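>
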């Protein structure tokens, strides 16, 4: 009997190829398919869908392991680091580093959640946007847990269920999943959510430079506008549910067309 | 008679504070209000909504001019450069550099269009997203014209009309305008559009490093999927119309909820 071809999985993240979160994701997904990791050399939090334009980009093969080792059913694993952004990693992978078009593109597991409008800043979500732009089913996984000591492996059943489901059923055209896990285990369940609205306040920390002048670190705290609303991802996370927020590539504000026409923007 | 307070306008871009495009925007808007520019030190194309997390951010005052100079009706002008991304510039401006909350946040004029899914990568659009996250009416202006020798001043009437209109009527909640100008003047009119879909192909240029190894520059060409469709911004630009694409901050793919529920993602 000929063995069915294993799914080919492209992984990336924005915390760096050697972060705990992506390490857990690799372990969780090894039984499911062949894995190619193309992830940044180091931390790239807040990369959004940025690309590297002013300096060249390089990649380096870090690790390679064949599938079926020691009689296991595991797929193969190849890990590349890349000097660019998460989006660069996906573009680099698809043009040079994949033996064929992957069956799924996955970002994560991000250290820290990407719920609500934080998704806009997120490199993890950038990975899923780029995968979706290439018409490949894509998912971003993030956890409210932040520490490198976090046991992300406890997310295995939830991640396997979602990835297998996407591999089996696909996703609607132009849509990917932003999956966020709450801090406290076990979870109460999984909810399909809308993106909550919110914003950051006190966004900069000021420091004196030892040789004069000031410099600033981005920081701040997130203020939810609608976390009380049970339809939001923020509510789901705050109440112990895994939040799956489907995101569309089409950002058009269709419901505003009439306002713009009524107010003389067209003509 | 007491003079009415002039509108306060925050400008940024992703081509650098001294680019031709933002220079034209300043000239075009001086008669309309007081202007504060906070823009990157140099080019930051493809910045999306990225923030700078791994190095600190600084700003520098480059230029200052009072309003009403030589009896003109012009507003004041203050220009800052910033070491960070376009999004950092907006965050820095709002926290430290504005005398009060601005009446409008404007990105541009970008050298090169940000139509269709290119908006996802755009620092110009990042500026408008950040302004909208702060609940300030926001607009991104981009032109298909790319060169630093381009006469962006010919866009004056169109830009003034749109900016005055936004200042007067505001914009729907969570919505900003992505305005793209065609290459050839005069324009046939202005259309309210949806975001076209498309993707990039042949995205990397490979070079040999003089001391061994390879490096890569991001490049490629854009392939429109639906530029034949008259409702898209791509069609408008290709047919000589100014394209106004309203964009929402809420990227939720509401129409996919049923698919996800039907396929066992919730529970």
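Residue numbers (this note's numbering), protein chains in the order written: chain A, 1403 to 1669; chain B, 1403 to 1669.
Note that the Cβ used here is the ideal one computed from N, Cα and C, for glycine as well.
This one's a predicted model, so the numbers in the text were calculated from it and none came from an experiment.
Check the Cβ of residue 1617/B against every Cβ in chain A and list those closer than 8 Å, keeping chain order.
Locating residue 1617/B in the second chain gives position 215, counting from the first residue. The answer, in chain order, is 1458, 1459, 1460.
> Since residue 1441/A sits in a beta bridge, which residues does DSSP pair it with?
Position 39 of the first chain, counted from the first residue, corresponds to residue 1441/A. Paired residues: 1483/A.
> Based on the DSSP secondary-structure assignment, which residues constitute the bridge partners of residue 1603/A?
As a working mapping, residue 1603/A is identified with position 201 in the first chain. According to DSSP, residue 1603/A bridges with 1623/A.
> For my contact list, residue 1452/A and residue 1449/B are in at a C-beta cut-off of 8 Å; report their separation, rounded to the angstrom.
On the first chain, residue 1452/A is found 50 positions in, with the first residue counted as 1. On the second chain, residue 1449/B is found 47 positions in, with the first residue counted as 1. 5 Å between Cβ atoms; contact.
> Quick one: Cα of residue 1464/A to Cα of residue 1609/B, how far?
As a position in the first chain, residue 1464/A is number 62, starting the count at 1. As a position in the second chain, residue 1609/B is number 207, starting the count at 1. So the two alpha carbons sit approximately 21 Å from each other.
> So that I know if they touch, is there some Cβ in chain B lying closer than 7 Å to that of residue 1606/A?
As a first step, residue 1606/A must be located in the first chain, where it is residue number 204. Yes - at least one Cβ of chain B is within 7 Å of the one on residue 1606/A.
> Expressed to the nearest angstrom, what Euclidean distance is found between the alpha-carbon atoms of residue 1439/B and residue 1542/B?
Position 37 of the second chain, counting from 1, holds the residue named residue 1439/B. Position 140 of the second chain, counting from 1, holds the residue named residue 1542/B. Their backbone Cα atoms lie some 14 Å apart in a straight line.
> Less than 6 Å separating the Cβ of residue 1628/A from some heavy atom of the ligand ADP?
Ligands are entirely absent from the displayed structure, and the ligand ADP is therefore not among its contents.
> Give the DSSP-derived three-state secondary structure of residue 1526/B in the structure shown.
As a position in the second chain, residue 1526/B is number 124, starting the count at 1. Three-state result, residue 1526/B: helix.
> Counting Cβ pairs closer than 8 Å, one from the segment 1534 to 1549 of chain B and one from the segment 1509 to 1522 of chain B, do we hit at least three?
Yes, the segment 1534 to 1549 of chain B touches the segment 1509 to 1522 of chain B.
> Per DSSP, what kind of secondary structure is residue 1446/B in: helix, strand or coil?
Here residue 1446/B refers to the residue found at position 44 of the second chain. Reduced to three states, the DSSP call for residue 1446/B is coil.
> Does DSSP put residue 1609/A in a helix, a strand or coil?
The residue you call residue 1609/A lines up with position 207 of the first chain. In the structure shown, residue 1609/A sits in a strand (DSSP, three-state: E or B).
> Which residues, taken in chain order from the segment 1631 to 1661 of chain B, show a beta carbon closer than 8 Å to some beta carbon of chain A?
Those residues of the segment 1631 to 1661 of chain B that come within reach of chain A (Cβ to Cβ, closer than 8 Å) are 1646, 1647, 1648, 1649, 1650, 1651, 1652, 1653, 1654, 1655, 1656, 1657, 1658, 1659, 1661.
> Got a sec? Which residues, its chain only, sit under 6 Å from residue 1403/B by beta carbon, not counting five neighbours each side?
Mapped onto the second chain, residue 1403/B falls at position 1. For residue 1403/B, the predicted model reports a pLDDT of 46, less than 50, meaning its position is unreliable; a value from the coordinates is still stated below. Within the same chain, residue 1403/B has no close Cβ partners at all.
> Any residues in the segment 1578 to 1600 of chain B with a beta carbon nearer than 9 Å to a beta carbon of chain A? Which ones, in chain order?
Within the segment 1578 to 1600 of chain B, the residues whose Cβ lies closer than 9 Å to some Cβ of chain A are 1578, 1579, 1580, 1591, 1592, 1593, 1594, 1595, 1596, 1597, 1599, 1600, listed in chain order.
> Along the segment 1425 to 1453 of chain A, where does the CB come closer than 7 Å to a CB of chain B? Name the residues.
Those residues of the segment 1425 to 1453 of chain A that come within reach of chain B (Cβ to Cβ, closer than 7 Å) are 1445, 1447, 1448, 1449, 1450, 1451, 1452, 1453.
> Whose Cβ in chain A lies nearer than 7 Å to the Cβ of residue 1497/B?
Here the question's residue 1497/B lines up with position 95 in the second chain. What residue 1497/B touches in chain A: 1605, 1606.
> Along chain B, which residues have their Cβ under 8 Å away from the Cβ of residue 1567/A?
Indexing the first chain from 1 puts residue 1567/A at position 165. The answer, in chain order, is 1665, 1666, 1667.
> In whole angstroms, what separates the C-alpha of residue 1653/A from that of residue 1471/A?
For this step, residue 1653/A is matched to residue 251 along the first chain. For this step, residue 1471/A is matched to residue 69 along the first chain. Each residue's alpha carbon lies about 45 Å from the other.
> What three-state label does DSSP hand residue 1403/B in the structure shown?
By one-based count along the second chain, residue 1403/B stands at place 1. Because residue 1403/B sits at a pLDDT of 46, beneath the cut-off of 50, its placement in the model cannot be relied upon, and the point is left open.
> Quick check on the burial criterion: 16 or more other C-beta atoms within 10 angstroms. Buried or exposed for residue 1493/A?
Along the first chain, one-based indexing puts residue 1493/A at 91. Classification for residue 1493/A: buried.
> Can the beta-carbon of residue 1462/B be found closer than 7 Å to that of residue 1441/B?
Here the question's residue 1462/B lines up with position 60 in the second chain. Here the question's residue 1441/B lines up with position 39 in the second chain. Going by C-beta atoms, residue 1462/B is not nearer than 7 Å to residue 1441/B.
> When you compare only the Cα positions, how much space is there between residue 1506/A and residue 1645/A?
Stepping through the first chain from its first residue, residue 1506/A is reached at position 104. Stepping through the first chain from its first residue, residue 1645/A is reached at position 243. Rounded to the nearest angstrom, the two C-alpha atoms are 20 Å apart.
> Could you name the residues of chain A that residue 1571/B contacts, counting a contact when the two beta carbons are closer than 7 Å?
The count along the second chain starts at 1 and reaches residue 1571/B at position 169. Result: 1665.
> Helix or strand or just coil, what does DSSP make of residue 1542/A?
For the purposes of this step, residue 1542/A is taken as the residue at position 140 of the first chain. Residue state, collapsed to three classes: strand.
> Go through its chain and collect everything with a Cβ distance to residue 1431/B's Cβ below 7 Å, but skip five positions before and after it.
As a first step, residue 1431/B must be located in the second chain, where it is residue number 29. Answer for residue 1431/B: 1411, 1437, 1565, listed in chain order.
> Using a Cβ cut-off of 9 Å, pull out every chain B residue sitting near residue 1521/A, in sequence order please.
In the first chain, counting from the first residue as 1, residue 1521/A sits at position 119. Here the neighbours are 1653.
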